[in-house]
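Chains as they are written, first to last, in the numbering used here: chain A, 1 to 233; chain B, 234 to 662. Note that the Cβ used here is the ideal one computed from N, Cα and C, for glycine as well. Okay, structure first, notes after.
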């Protein structure tokens, strides 16, 4: 009869080290995982990640916005975006200040519009549009939204179309009664032209000329069914 | 066998039941059916294999239920089910922790079946999103097998990803894993070469039950004993994706003494090919050899299979946390009206493991999309009417504006995508 000794040696020698490693890995992994999950569950406000001074400044700016009847949620969103992108406190405060200034300008220019329209106009100003270029949008048909126009406008400036060219093109289409689909079609065409190597400004002008629109209304008079925002800050 | 049949049918039915929108956004599932040929002596030479899989995903956790049933002559020959829960921490400085818990049951006509519960923790270290290593440890507790103690399971591995999904030769992932198992088992007093073996000094000779005797191939009246066992598996695997073709191959070697490792489990090789006919339908074929799984009471087997995979929402097969920071791989992006005023974000990007979006609608916190097809990702969101800013990233890479929508410079010198939700779109359904 042949007997073999167990290859693992005396109980408690190598097994201790294997168990110790396993236990260490188990405890470390469990603590990291649970701590992270718990931290995410209990985090009340992501603004709390900012230092006290920055957080105070952000709250003051948000209070200012609310007192002026502006959507403070837009300021909070900018701050949270900065936190997610790991921007430094100084940059975040500057961005929130700029957003508040843009919202004020948008309100002055457009009048008492809905918060989402105000936010879109502020984004357009941030993209590079001038306040005076938004004046045309103070007058609009009841139920007509200028959000898509603002979006395409902001994109065109971002792609290198001169601000004046973008403004005149979008304003012309707006006056012609272009709908959202027309603005999107224009954007698609200009984008493909730019990708083919055309100058952004030239591509836009060419595409606007071939974009159909309704006949413009009499200059200075809102068309039938349109209203003017008369109140301003 | 009724219990297993009901379990398989329930799992299969769960794949077909439409869920609420919030839940459906986090569910992925697939169903495999095909002809399976084996040579393990347990199953008939040729059977039909049905394998449903169901997964519920959350940002840092997922719950998976997976089953397989082998049918022959309309009789269920063997059923195998496993429920897994995984918690994953976010990656911090390239380090990620993972906790895995599994509960499984395997039943066949021959034996009573086996059960196992195991818990495992892994710590991953990622290198530049294209490679990594991990170290893990855990405990597995089997029942109704020859193993009579908890098994210490320690594993370590390394992986590397080569190529890119858009490259001519696709992308390949190479993985090497070393897993060590240590446990006590009731063993025959003879090894596989009929040589007599000693028992553990602390474990006397024991009389084995008839079921255990069948497992040990012992004659009545012959004793077995409890013995400390250990074996280690070294496995190398390759997963290669090029176009609609996915190839997986693995080869391994089991280290251990002859009374712990049977000759038919010393080496194994297997390969599987998947050809995607569409986003949700694929043909699968393959074959090879699988080693015995002592903790689950499953013998070594050679197999060949050919079948069809119907993926309502296919689950990624990659076994390692592969990441590629290439948001430029995103082929298309669109928003569609969904039920109850929700908007569905639909993104097409192939060869990646995760797709996230963030924007003003999420307070700029990342939201993970659910894979709905081979390269189709979706997420339902309550987007209010207005202009929304949105960014996308894949595999934890840099945030970028999605393709195909207007963009603008954001307040932090980056670029952000712009999505307009009109009141009509918001209330369209």
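Can you list, in chain order, the stretches of the alpha helix (DSSP H) that have 4 or more residues and sit fully within the segment 484-556 of chain B? none
Neighbour list for residue 609 (chain B) in chain A, Cβ cutoff strictly below 9 Å: What residue 609 (chain B) touches in chain A: nothing, since even the nearest Cβ is about 23 Å away.
Residue range of the beta strand (DSSP E) that residue 295 (chain B) falls in? In the DSSP annotation of this structure, the continuous segment of the beta strand (DSSP E) that includes residue 295 (chain B) starts and ends at 294-305.
Top-ranked residue by Cα proximity to residue 522 (chain B), from B:606, B:501, B:650, B:508: B:501
Among A:139, A:130, A:99, A:97, nearest to residue 113 (chain A) - alpha-carbon criterion: That would be A:139, whose Cα lies nearest to the Cα of residue 113 (chain A).
If you measure from the beta carbon of residue 412 (chain B) to each beta carbon in chain A, is any gap under 7 Å? no
Stretch-stretch touch, CB-based, cutoff 8 Å, three pairs: the segment 522-541 of chain B with the segment 580-593 of chain B: no
Tell me whether the segment 470-480 of chain B and the segment 502-509 of chain B touch, counting them as touching only if at least three CB pairs, one residue from each stretch, are closer than 8 Å. yes
Could you confirm whether any beta carbon from chain B is found closer than 7 Å to the beta carbon of residue 68 (chain A)? no
Going by the DSSP bridge assignment, what does residue 376 (chain B) pair with across the sheet? B:348
Is it right to say residue 66 (chain A) is buried, meaning 16 or more other beta carbons lie within 10 angstroms of its own, or is it exposed? exposed
Mapping the DSSP letters down to three states, classify residue 324 (chain B) as helix, strand or coil. coil
Output the boundary residues of the alpha helix (DSSP H) element that contains residue 102 (chain A). 89-110
If we count Cβ pairs, one from each stretch, closer than 8 Å, do we get three or more for the segment 86-101 of chain A versus the segment 638-654 of chain B? yes
Option in B:351, B:387, B:328, B:386 with minimal Cα separation from residue 359 (chain B): Per the Cα distances, B:328.
Which of helix, strand or coil DSSP assigns to residue 558 (chain B): Confidence at residue 558 (chain B) is low in this model, with a pLDDT of 37, below 50, so its placement is unreliable and no value can be given for it.
Quick one: list the residues of chain B neighbouring residue 95 (chain A), beta-carbon separation under 7 Å, in chain order. 644, 645
Quick check on residue 358 (chain B): does DSSP put it in helix, strand or coil? strand
Going along chain A, which residues have a C-beta under 9 Å from residue 598 (chain B)? 46, 80, 84
Taking only the alpha-carbon atoms, compute the straight-line gap between residue 111 (chain A) and residue 124 (chain A) and give it to the nearest angstrom. 16 Å
Closer than 8 Å at the beta carbon, the chain A residues around residue 618 (chain B): 116
So does the segment 190-209 of chain A actually touch the segment 163-174 of chain A, counting three or more Cβ pairs closer than 8 Å? Taking 8 Å as the limit for Cβ pairs, the verdict is that the segment 163-174 of chain A does touch the segment 190-209 of chain A.
What residues of chain A sit near residue 593 (chain B), judged by a beta carbon separation below 7 Å? 77
Is the shortest distance between the beta-carbon of residue 8 (chain A) and the beta-carbons of chain B less than 7 Å? Residue placement at residue 8 (chain A) cannot be trusted, given a pLDDT of 40 that sits under 50; what the coordinates show is reported in the next sentence. It does; some Cβ of chain B falls within 7 Å.
Which one of B:350, B:475, B:301, B:291 has the shortest CA to CA distance from residue 265 (chain B)? The residue among B:350, B:475, B:301, B:291 with its C-alpha nearest the C-alpha of residue 265 (chain B) is B:301.
So is residue 152 (chain A) in contact with chain B if we call contact Cβ pairs under 7 Å? yes
Under 8 Å from the C-beta of residue 99 (chain A): neighbouring residues of chain B: 644
Just to confirm, is the Cβ distance from residue 341 (chain B) to residue 376 (chain B) under 7 Å? no
Going by beta carbon distance, what residues of the same chain come within less than 6 Å of residue 606 (chain B), once the five residues before and after it are set aside? 512, 513
Interface residues of chain B facing residue 158 (chain A) [CB-CB closer than 7 Å]: Here the neighbours are 640, 641, 642.
Quick check: what's the CA-CA separation for residue 75 (chain A) versus residue 565 (chain B)? Near 30 Å, if we compare the C-alpha coordinates of residue 565 (chain B) and residue 75 (chain A).
Beta-carbon of residue 148 (chain A) versus every beta-carbon of chain B: anything under 7 Å? yes
State buried or exposed for residue 410 (chain B), treating a residue as buried only when at least 16 other CB atoms are found within 10 Å of its CB. buried
Looking only at its own chain, which residues have a Cβ that is under 8 Å from the Cβ of residue 136 (chain A), when we skip the five neighbours before and after it? So the list reads 171, 174, 175, once near-sequence residues are dropped.
From residue 651 (chain B) to residue 122 (chain A), what distance separates their C-alpha atoms? 13 Å
Could you round the C-beta distance between residue 337 (chain B) and residue 314 (chain B) to whole angstroms and report it? I think they count as a contact, below 8 Å. Right, the Cβ-Cβ distance comes to about 7 Å (below 8 Å), so this counts as a contact.
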